[in-house]
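Reviewing the structure listed below.
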Amino acid sequence: MDSQTAVDSQTAAGASTAGKLKPNSLGVLGILFFVLSAQAPLTGIAGSVPISVAIGNGPGTPAAYTAAGVITLLFSVGFVAMGRHVVNAGAFYTYIGKGLGRPLGTGSAGIALFAYCAIQAAMYGLYGATVSGLLADYTGANVPWWVCAVVTMAVVQILGASGIEMGARLLAVLVLAEFSILALFALVTFFKGGGSEGLGFTQSFSPGAALDGAPGVALMFAVASMVGFEATAIYGEEAREPRRTVPRATYLAVALVTGFFAFTSWMLISAHGASKATAAAGQALGSGDSTAFVFAPIADQFGGWVYDVLPFLLATSLFAGILAFHNSANRYLFSLSRDGLLPRRLTSINRHHSPGVAGWVQTAIALLLVVPFALAGKDPVLTLFSWGSGVAVLGIMLLYFLTSVSVLAFFRRERLDTRPWNTLIAPALGALGIVGAIWLVVENFTTLIGGERSTAVWLELTVPAVLLAGVVAARLTRGRATADG
Numbered sequence: 113m114d115s116q117t118a119v120d121s122q123t124a125a126g127a128s129t130a131g132k133l134k135p136n137s138l139g140v141l142g143i144l145f146f147v148l149s150a151q152a153p154l155t156g157i158a159g160s161v162p163i164s165v166a167i168g169n170g171p172g173t174p175a176a177y178t179a180a181g182v183i184t185l186l187f188s189v190g191f192v193a194m195g196r197h198v199v200n201a202g203a204f205y206t207y208i209g210k211g212l213g214r215p216l217g218t219g220s221a222g223i224a225l226f227a228y229c230a231i232q233a234a235m236y237g238l239y240g241a242t243v244s245g246l247l248a249d250y251t252g253a254n255v256p257w258w259v260c261a262v263v264t265m266a267v268v269q270i271l272g273a274s275g276i277e278m279g280a281r282l283l284a285v286l287v288l289a290e291f292s293i294l295a296l297f298a299l300v301t302f303f304k305g306g307g308s309e310g311l312g313f314t315q316s317f318s319p320g321a322a323l324d325g326a327p328g329v330a331l332m333f334a335v336a337s338m339v340g341f342e343a344t345a346i347y348g349e350e351a352r353e354p355r356r357t358v359p360r361a362t363y364l365a366v367a368l369v370t371g372f373f374a375f376t377s378w379m380l381i382s383a384h385g386a387s388k389a390t391a392a393a394g395q396a397l398g399s400g401d402s403t404a405f406v407f408a409p410i411a412d413q414f415g416g417w418v419y420d421v422l423p424f425l426l427a428t429s430l431f432a433g434i435l436a437f438h439n440s441a442n443r444y445l446f447s448l449s450r451d452g453l454l455p456r457r458l459t460s461i462n463r464h465h466s467p468g469v470a471g472w473v474q475t476a477i478a479l480l481l482v483v484p485f486a487l488a489g490k491d492p493v494l495t496l497f498s499w500g501s502g503v504a505v506l507g508i509m510l511l512y513f514l515t516s517v518s519v520l521a522f523f524r525r526e527r528l529d530t531r532p533w534n535t536l537i538a539p540a541l542g543a544l545g546i547v548g549a550i551w552l553v554v555e556n557f558t559t560l561i562g563g564e565r566s567t568a569v570w571l572e573l574t575v576p577a578v579l580l581a582g583v584v585a586a587r588l589t590r591g592r593a594t595a596d597g
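Heads up: the sequence shown runs through residues 113 to 597, numbered per the numbering used here.
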């Protein structure tokens with residue numbers, strides 16, 4: 113079987129058994145905006161950089177983002193190579209099923225769906241708290257965070273059902289707004305020669321700086337910031353010339369995200385001064401407002417109006433991420449249903465060629481995840497956001513590892529691509545890097561979720577539990593699955 117035949121057979125199988133997603137809807141830029149939205153650039157910078165600088169490796173934080181980018185790039189080589197032969201909205205679980213067999217494929221499907229729903233619910237928590245605060249500050253209205261979240265669920269459902277092009281256009285506007293102000297700040301700071309202590313390249317990128325303090329914590333948050341780039345493959349069925357579009361979008365996404373986070377974090381540290389950055393980040397965390405570490409130097413550069421604009425951009429950043437993960441999750445539901453792993457009704461396509469019933473089910477899942485925290489009166493940031501994002505990062509990192517191993521197994525068996533770098537060396541190196549990253553996440557999980565060790569342990573156990581449940585279910589059922597080829 114040649115590569116084109118593999119793609120054709122995979123696509124034909126989906127088309128013959130279920131509704132079909134709208135082909136030729138997205139180009140490289142359209143897919144790229146979905147990926148960048150999932151990264152939520154401003155949220156990632158304002159949320160993770162202050163923590164990495166304060167309790168990680170301090171001024172060496174940009175080196176951690178660079179290392180995370182290298183690991184992700186190595187993973188991407190095998191990911192893209194396999195994507196040329198398997199085009200499916202299920203991406204991860206389809207790849208794992210092809211390489212390691214249906215039971216592990218089914219188990220990984222559960223993890224993928226679990227992780228995407230968890231991270232979306234987490235973002236609803238932070239988004240609800242952010243919008244509630246903005247309403248209180250600017251209107252005096254005391255609107256509970258969960259009301260903001262539920263109203264937004266309705267908006268996301270409408271946009272998600274309105275066709276992939278509609279979502280891509282909206283996300284392009286939102287992402288460009290947050291990306292532009294951060295990139296402009298970083299470029300202006302760079303061309304001005306940095307802050308009072310200069311650019312501080314050595315203090316941020318030398319081996320000594322990279323390994324200073326607690327580099328594991330910094331690398332953990334850097335890897336977490338990369339989560340979402342894999343969405344390039346999820347939209348393969350809706351891409352124009354997917355065998356060209358998806359690889360280009362993947363490599364471009366990894367390069368942009370790595371460069372953006374490394375460069376912006378470097379300029380933030382430079383603006384504060386490398387010798388003062390750790391103390392400034394610690395002070396911001398101690399005040400309960402980590403965004404101060406990011407907002408203050410931008411305001412110094414552009415003026416006090418930044419304090420009025422950036423909180424709104426933070427809210428739109430979160431909204432863009434929520435919409436991106438909604439689209440990813442409902443396509444997973446659609447693909448799982450088409451492959452016989454979930455009820456057939458979920459393959460229903462609406463008039464815009466978007467997953468119809470799957471979209472409603474995904475919104476219902478988000479509601480079911482948010483409501484218990486609202487009823488219990490839990491803090492949406494300290495519990496829903498931190499817990500949900502923590503298990504999502506752990507789950508997706510496990511998927512990265514299983515996918516790397518499946519790439520090795522798939523090409524060893526099928527011999528569709530004999531390039532050693534693409535099918536053996538890079539995937540193997542990527543798998544080793546991901547194992548190290550998983551170890552760091554597990555080791556520092558309490559820090560990642562900001563909770564107690566006992567809470568961290570049971571949250572960590574949910575990920576292997578979901579994988580095991582999927583494996584057992586696959587062995588006990590005989591669905592019309594295509595994950596095993």
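A virtual CB, placed ideally from N, CA and C, is assigned to each residue, including glycine.
None of these values were measured; they are calculated from a predicted model.
Taking C-alpha positions only, A298 is separated from S377 by approximately 9 angstroms.
In this structure the stretch 408 to 421 does not lie against the stretch 235 to 243, because fewer than three pairs of beta carbons, one per stretch, are closer than 8 angstroms. Following the DSSP letters along the chain, one finds I546 inside the alpha helix (DSSP H) bounded by residues 538 to 555. Between T184 and V366, the gap from beta carbon to beta carbon is short of 8 angstroms.
Scanning the stretch 169 to 254 from its first residue to its last, the whole alpha helix (DSSP H) runs of 4-plus residues come out as 173 to 195, 204 to 212, 214 to 251. Per DSSP, the beta-bridge partners of I461 are P467. When only Cα atoms are considered, L425 and R587 end up about 47 angstroms apart. Counting of Cβ neighbours within 10 angstroms places S292 among the exposed residues, the total staying below 16.
Judged by beta-carbon spacing, L514 lies beyond the 8 angstroms limit of V575, meaning their Cβ atoms are not closer than that value.
For G213, the closest of L560, F522, G468 by C-alpha to C-alpha distance is F522.
G433 counts as buried, since at least 16 other C-beta atoms from the protein chains shown sit within 10 angstroms of its C-beta.
The Cβ-Cβ distance between L552 and M332 falls below 8 angstroms. The three-state reading of DSSP puts A351 in strand, counting E and B together. When only Cα atoms are considered, V285 and G142 end up about 12 angstroms apart. When rounded, the separation of the alpha-carbon atoms in V569 and N556 is 11 angstroms. A distance below 7 angstroms between beta-carbons, with the five flanking residues on each side excluded, links A152 to the following residues of its chain, in chain order: S429, L430, A432, G433.
Less than 8 angstroms divides the Cβ of V161 from the Cβ of T173. The three-state reading of DSSP puts G310 in strand, counting E and B together. In the DSSP assignment, S449 falls within the alpha helix (DSSP H) that extends over 418 to 450. Nearest to T530 by C-alpha distance, out of A322, M338, G190, is G190.
Going by beta carbons, T362 and S188 fall inside the 8 angstroms limit.
Using a Cβ distance threshold of 8 angstroms, P539 and L520 count as a contacting pair. Taking C-beta atoms as the reference points, A383 and G307 count as a pair closer than 8 angstroms.
Rounded to whole angstroms, the separation of the alpha carbons of S220 and T535 is 21 angstroms.
A straight-line Cα-Cα distance of about 25 angstroms links T155 and F204.
Contact check for G272 against N462 fails: the beta carbons are separated by 8 angstroms or more. Shown here, L323 sits in coil according to DSSP, grouped into three states, outside any helix or strand. When the beta-carbon positions are compared, A248 and T403 stay at least 8 angstroms from each other. For P409, the enclosing alpha helix (DSSP H) has its first and last residue at 404 to 414. Within its own chain, the residues whose Cβ lies closer than 6 angstroms to the Cβ of V469, once the five positions on either side in sequence are excluded, are R457, L458, S460, listed in chain order. Per DSSP, A488 lies in no alpha helix (DSSP H) segment and is marked neither H nor E.
In this structure, the alpha-carbon of F372 lies about 12 angstroms from that of A334. Beta-carbon to beta-carbon, L186 and G542 are separated by about 4 angstroms, close enough to satisfy the 8 angstroms threshold. Closest option to F375, judged by alpha-carbon separation, among F303, G545, L246, S566: F303. Counting only the Cα atoms, T357 lies some 43 angstroms from R565. Residue environment for P532: exposed (fewer than 16 other C-beta atoms within 10 angstroms of its C-beta).
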